[in-house]
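In the numbering used here, the protein residues as written are 36 to 440. All remarks here apply to the structure that follows.
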């Protein structure tokens, strides 16, 4: 009897005690979350942001553009891993350029950010050589009436850069996004469209992949000669964007300073899944690049120039403008699954010739052109073309060619 009574009492005692312990643990955990989420971040004696439950710093927007500029720069400075959130439905103006440090993520989904007049909204300086920078979402604009004439976003010497879901623009004569001497760059799911007046012979691209020289990057040259010695970009991925400009995307070169940088080449640029529209020049200018991929895009060039620069009316313009490095010979460029609309040519390849256009001084490597649908105003014979033997080996298969009426 005694043993039976004891066995009945045991579960009555253990169950409520266990429940109390479990509930206590939840209360402690929840209290910790609330405390972390309510923790204030102060700057100059004022609360400028608060941590949310994910440990992200949520900006407290101000109506004062100078306050927003200073507070955001304070939050994104330094090299520690950090995420700064600009709240949804907020509209903030900046009275200066944002200069992020390493390991920075800026989340601006549903927010609108307006930069200072005649200014970058974000600038990455060459002497910082930033690593791990991500900008997620947001509508980013210049306060300038017709858009930024220079570069809205200017990144130099950044490794591991991501822009995802960003809506931005610049004037036709400027760049929404400029990438200079950067490595491991991904620009995806973005909406980029030029605004303002479009000059009849404008060649500027909304997304520019650039090398660092005095002419192509004058702001970078201000930091010293060592930063403008023709440094190029590597592993750049332009994915699933909608881009419109005089040129939509340009992979750049320069013949400045007596042509000393003509033999500087980018490496592995991938243009995939985009809708690219060029208004007065090529939709895609793909110059001085070793290897890469152009696939699954819709590419439209509306340029209708009839002067001796008709090459600007090509849909996809691939060219070598100098003596290519040895790695070009064994490189592969894939151009596949695109729908292309061009004037003089839909897809065109040209390597650099001598002054008399009689000798090819360098060639593209193995070029595979497959499964494209190409519309060309000059006829099907001009839809896909190469100048002489510009490609070491050009393979064409399953392409559908039409006259673009």
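In this text, a Cβ means the ideal position worked out from N, Cα and C, and glycines have one as well.
Next item on the list: Return the chain-ordered list of same chain residues with a C-beta closer than 7 angstroms to the C-beta of residue 336, the five sequence neighbours on each side being excluded.
Entry: Looking up residue 336 in the chain shown gives position 301. Taken in chain order, the residues that qualify are 313, 317, 318, 348, 349, 350, 376, 377 and 378.
Margin query: For residue 75, count the other beta carbons within 10 Å of its own beta carbon; 16 or more makes it buried, fewer makes it exposed. Which is it?
Written below: Mapped onto the chain shown, residue 75 falls at position 40. By the neighbour-count rule (16 or more Cβ atoms within 10 Å), residue 75 is not buried but exposed.
Notebook entry, point to check: So, residue 396 versus residue 388, is the Cβ gap smaller than 8 angstroms?
Noted result: The residue given as residue 396 occupies position 361 in the chain shown. The residue given as residue 388 occupies position 353 in the chain shown. Yes. Within cutoff.
Next item on the list: Check residue 106 in the structure and name its three-state DSSP category.
Entry: Within the chain shown, residue 106 is the residue found at index 71, counting from 1. Three-state result, residue 106: helix.
Checklist line | Three-way DSSP call (helix, strand, coil) for residue 192 in this model | finding: On the chain shown, position 157 is the one that residue 192 refers to. It is coil, neither helix nor strand.
Notebook entry, point to check: If you drop the 5 nearest sequence neighbours on each side, which residues of the same chain put their C-beta closer than 6 angstroms to that of residue 104?
Noted result: Position 69 of the chain shown, counting from 1, holds the residue named residue 104. Result list for residue 104: 129, 130 and 131, in chain order.
Next item on the list: Give me whichever residues DSSP pairs with residue 282 in a beta bridge.
Entry: Residue 282 sits at position 247 when you count from the first residue of the chain shown. Bridge partners of residue 282: 240.
Checklist line | Residue from 266, 278 and 307 whose Cα sits closest to the Cα of residue 289 | finding: If you number the chain shown from 1, residue 289 lands on position 254. If we check each option's Cα against that of residue 289, 266 comes out closest.
Check: Can you give the Cα-Cα distance for residue 353 and residue 434, rounded to whole angstroms?
Finding: Stepping through the chain shown from its first residue, residue 353 is reached at position 318. Stepping through the chain shown from its first residue, residue 434 is reached at position 399. Their backbone Cα atoms lie some 18 angstroms apart in a straight line.
Checklist line | Host alpha helix (DSSP H) of residue 292 (start-end) | finding: Within the chain shown, residue 292 is the residue found at index 257, counting from 1. Segment 291–294, the alpha helix (DSSP H) holding residue 292.
Notebook entry, point to check: Is the distance from the Cβ of residue 217 to the Cβ of residue 200 below 8 angstroms?
Noted result: Taking the first residue of the chain shown as position 1, residue 217 is located at position 182. Taking the first residue of the chain shown as position 1, residue 200 is located at position 165. Going by C-beta atoms, residue 217 is not nearer than 8 angstroms to residue 200.
Checklist line | Backbone CA spacing between residue 437 and residue 380 [nearest angstrom] | finding: Within the chain shown, the letter at position 402 stands for residue 437. Within the chain shown, the letter at position 345 stands for residue 380. Computed Cα separation, rounded: 11 angstroms.
Check: Would a C-beta distance cut-off of 8 angstroms place residue 234 and residue 207 closer than the cut-off?
Finding: Walking along the chain shown from the start, residue 234 turns up at place 199. Walking along the chain shown from the start, residue 207 turns up at place 172. Cβ atoms of residue 234 and residue 207: closer than 8 angstroms.
Notebook entry, point to check: Under the rule that 16 or more other beta-carbon atoms within 10 Å means buried, what is residue 339, buried or exposed?
Noted result: Counting from 1 along the chain shown, the entry for residue 339 is found at position 304. Residue 339 comes out exposed.
Notebook entry, point to check: Are the C-beta atoms of residue 220 and some chain C residue less than 8 angstroms apart?
Noted result: In the structure shown, chain C cannot be found, because there is only a single protein chain.
Notebook entry, point to check: Where does the unbroken alpha helix (DSSP H) through residue 273 begin, and where does it stop?
Noted result: Your numbering for residue 273 matches position 238 in the chain shown. Taken as a continuous stretch (DSSP letters only), residue 273 belongs to no alpha helix (DSSP H), being part of the beta strand (DSSP E) at 269–274.
Margin query: Mapping the DSSP letters down to three states, classify residue 376 as helix, strand or coil.
Written below: Walking along the chain shown from the start, residue 376 turns up at place 341. Residue state, collapsed to three classes: strand.
Next item on the list: Quick one: using the 10 Å Cβ neighbour count with 16 as the cut-off for buried, is residue 257 buried or exposed?
Entry: Counting from 1 along the chain shown, the entry for residue 257 is found at position 222. It is exposed - the Cβ of residue 257 has fewer than 16 other Cβ atoms within 10 Å.
Check: According to DSSP, which residues form a beta bridge with residue 330?
Finding: Taking the first residue of the chain shown as 1, we reach residue 330 at position 295. Residue 330 pairs with 307 and 371.
Notebook entry, point to check: Quick one, which of 374, 227, 195 and 403 has its alpha-carbon nearest residue 240's?
Noted result: To locate residue 240, count along the chain shown from 1; it is residue 205. Considering only alpha carbons, the answer is 227.
Check: For residue 220, which residues from the same chain have a beta carbon less than 6 angstroms from its beta carbon, with the 5 sequence-adjacent residues on both sides left out?
Finding: Taking the chain shown and counting its residues from 1, one reaches residue 220 at position 185. Within the same chain, residue 220 has close Cβ partners 196, 214 and 271.
Next item on the list: Pair every Cβ in the stretch 184–192 with every Cβ in the stretch 146–165, then say whether three or more of these pairs are closer than 8 angstroms.
Entry: yes
Next item on the list: Just tell me which of 307, 264 and 315 has its CA closest to the CA of residue 291.
Entry: If you number the chain shown from 1, residue 291 lands on position 256. Of 307, 264 and 315, the residue nearest in Cα terms is 264.
Check: Helix, strand or coil: which one does DSSP assign to residue 226?
Finding: Indexing the chain shown from 1 puts residue 226 at position 191. In the structure shown, residue 226 sits in a strand (DSSP, three-state: E or B).
Next item on the list: Can you tell me which of the three DSSP states residue 114 falls into?
Entry: Here residue 114 is taken as the residue at index 79 of the chain shown, counted from 1. Three-state DSSP puts residue 114 in coil, outside helix and strand.
Next item on the list: Determine the direct distance from the alpha carbon of residue 80 to that of residue 332, and round the result to whole angstroms.
Entry: Position 297 of the chain shown, counting from 1, holds the residue named residue 332. Position 45 of the chain shown, counting from 1, holds the residue named residue 80. Distance between the alpha carbons of residue 332 and residue 80: 51 angstroms.
Next item on the list: Kindly indicate which three-state DSSP category residue 400 falls into: helix, strand or coil?
Entry: To locate residue 400, count along the chain shown from 1; it is residue 365. Note: residue 400 maps to strand in three-state DSSP.
Check: Do residue 322 and residue 284 have their CB atoms nearer than 8 angstroms?
Finding: Locating residue 322 in the chain shown gives position 287, counting from the first residue. Locating residue 284 in the chain shown gives position 249, counting from the first residue. No.
Notebook entry, point to check: Using CA coordinates, which residue listed in 193, 77, 406 and 418 is at the minimum distance from residue 432?
Noted result: As a working mapping, residue 432 is identified with position 397 in the chain shown. When each option's Cα is compared against that of residue 432, the closest is 406.
Check: Along the chain, where does the beta strand (DSSP E) that runs through residue 256 open and close?
Finding: Here residue 256 is taken as the residue at index 221 of the chain shown, counted from 1. Per DSSP, residue 256 belongs to no beta strand (DSSP E); it is in the alpha helix (DSSP H), 253–256.
Item checked: Per-residue burial, residue 135 [other beta carbons within 10 Å of its own, 16 or more giving buried] -> Working through the chain shown from its first residue, we reach residue 135 at position 100. By the 10 Å Cβ count, residue 135 comes out buried.
Margin query: For a test of the three-state rule: what should DSSP assign to residue 341, helix, strand or coil?
Written below: For the purposes of this step, residue 341 is taken as the residue at position 306 of the chain shown. Here residue 341 sits in coil by DSSP.
Checklist line | When 83, 137, 421 and 262 are compared against residue 404, the one with the closest alpha-carbon | finding: Start at 1 with the first residue of the chain shown, and residue 404 comes out as number 369. Cα-wise, what sits closest to residue 404 is 421.
Next item on the list: Taking only the alpha-carbon atoms, compute the straight-line gap between residue 415 and residue 424 and give it to the nearest angstrom.
Entry: Position 380 of the chain shown, counted from the start, is the residue given in the question as residue 415. Position 389 of the chain shown, counted from the start, is the residue given in the question as residue 424. Rounded to the nearest angstrom, the two C-alpha atoms are 20 angstroms apart.
Notebook entry, point to check: Do residue 165 and residue 146 have their C-beta atoms closer together than 8 angstroms?
Noted result: Here the question's residue 165 lines up with position 130 in the chain shown. Here the question's residue 146 lines up with position 111 in the chain shown. Going by C-beta atoms, residue 165 is not nearer than 8 angstroms to residue 146.
Margin query: Just to confirm before moving on: does the CB-CB distance between residue 205 and residue 237 stay below 8 angstroms?
Written below: For this step, residue 205 is matched to residue 170 along the chain shown. For this step, residue 237 is matched to residue 202 along the chain shown. Cβ atoms of residue 205 and residue 237: not closer than 8 angstroms.
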